[in-house]
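Numbering (our numbering), first residue to last: 676 to 1064. For every residue, glycine included, the Cβ atom is placed at its ideal position computed from N, Cα and C.
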Ligand code: BGC
């Protein structure tokens, strides 16, 4: 059965600054990765060297026939020292934006994707009294270089950031597991992020701005509906609530989490798994889109992430096909979805390790040479024709 997507639907790939650029030395995560006894097994180091190789990355996106590229602007580069805005860093990101526009690619820009400047984190992070004002000042510094951009993601996965805030406070290892199984978020961090998001949106008048949520597909197991709802509210629903009235909401779906009477259940032994240990569950995307559309009616959805960590590229093709079929069905039922950005363009730094490969394109860890995988070409074909066969 052929499934046609609407004209003007955005097809693209996504990445983030810290995971691809390399040497994000003024950031809190760089400090965490490099400190003695770091909980991160591997450090980001040079990452994919996209800070220098971004023209090649954009050429690949275009050559595949994709029309959009989501990338991050790194606060720690723009403001490496509090109050000192780097004109050179802003100039760099302006060139990336122009590079997209020159190639006919729609840039989707993320302003905060997990990493913050080290000075910000040392001075209280999101819990400092000045946190929201600091984020606003950074956003204000970035706005002048955004000319020609329409889509701006303020904060990536505030729900995961708030859950991680609690883990980092307790100095527990960051890696492993699925986000939705983590302890509930640090509520003060969640509140500060919501305030920072609102402040950013005020600065971004004239752009389509929104935040992007880690959509967890919490499913009641064995009738545990109340427990599911109680689990989902702090970890996901409250963040969807904040997005009501925004220009869009980013859905980022990979898998599902079953909730029983005592909370999140481990992935069943018999389930097929991906390299991150998550359940192989292509239906995650359609389900997340339906869930989000029902809770934020009238807010357009942009799929800002969806993909799979696998070393078997055929499996990536299978997963993506299934995810897009689910997405198409959800749209048929009325969900207002404006685009699909696959996570991720490059095999990049997966927050502590290079082992889980989510990329449409592999990257040689010594030479940084990029090699396009067949899955990338398949996605490009769907993008060019607008049809999922
Ligand atoms: C994040 C990405 C990450 C991906 C896969 C999302 O939580 O936004 O940075 O690489 O999921 O784990």
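Asked	Found
Can you check which of these residues, 817, 832 and 870, is closest to residue 979 by C-alpha distance?	832
Output yes or no for whether 7 Å exceeds the beta carbon distance between residue 724 and residue 1043.	yes
By Cβ distance, which residues of its chain are closer than 7 Å to residue 767, with the 5 residues on each side in sequence left out?	none
Three or more C-beta pairs under 8 Å: does that hold for the region 889-907 against the region 925-935?	yes
Just to confirm, does residue 831 get its C-beta within under 6 Å of one of the non-hydrogen atoms of the ligand BGC?	yes
Among 857, 1021, 755 and 811, which one has its Cα closest to the Cα of residue 1038?	1021
In terms of DSSP beta bridges, what is residue 828 paired with?	785 and 885
For the region 913-967, which segments carrying the alpha helix (DSSP H) assignment without a break, of at least 4 residues, lie completely within its bounds, in sequence order?	913-917
Please name the residue, chosen from 834, 863, 762 and 951, that lies closest to residue 813 on a Cα-to-Cα basis.	762
Quick check: the region 1004-1015 against the region 909-918, are at least 3 beta-carbon pairs closer than 8 Å?	no
Using alpha carbons as the reference points, say which of 947, 684, 878 and 885 lies closest to residue 830.	885
So, at 8 Å on beta carbons, what are the nonlocal neighbours of residue 1034 in its own chain, with the 5 sequence-adjacent residues on each side left out?	1019, 1020, 1021, 1022, 1023 and 1048
Which one or two residues does DSSP pair with residue 813 in a beta bridge?	Residue 813 pairs with nothing; no bridge assigned.
If you scan the region 728-793 from start to end, which runs of the beta strand (DSSP E) of 3 or more residues do you find wholly inside it?	743-747 and 781-787
Flag residue 691 as yes when its Cβ comes closer than 6 Å to any non-hydrogen atom of the ligand BGC, and as no otherwise.	yes
Is DSSP giving residue 642 helix, strand or coil here?	Outside the shown range of the chain, which is 676 to 1064, sits residue 642, and nothing can be said about it.
Where residue 1045 and residue 974 are concerned, what is the direct C-alpha to C-alpha distance, given to the nearest angstrom?	37 Å
Only counting the same chain, and skipping five residues up and downstream in sequence, which positions put a Cβ closer than 7 Å to that of residue 823?	772 and 776
Taking the alpha-carbon positions, what's the residue 898 to residue 817 distance?	48 Å
So, helix, strand or coil for residue 795, using DSSP?	helix
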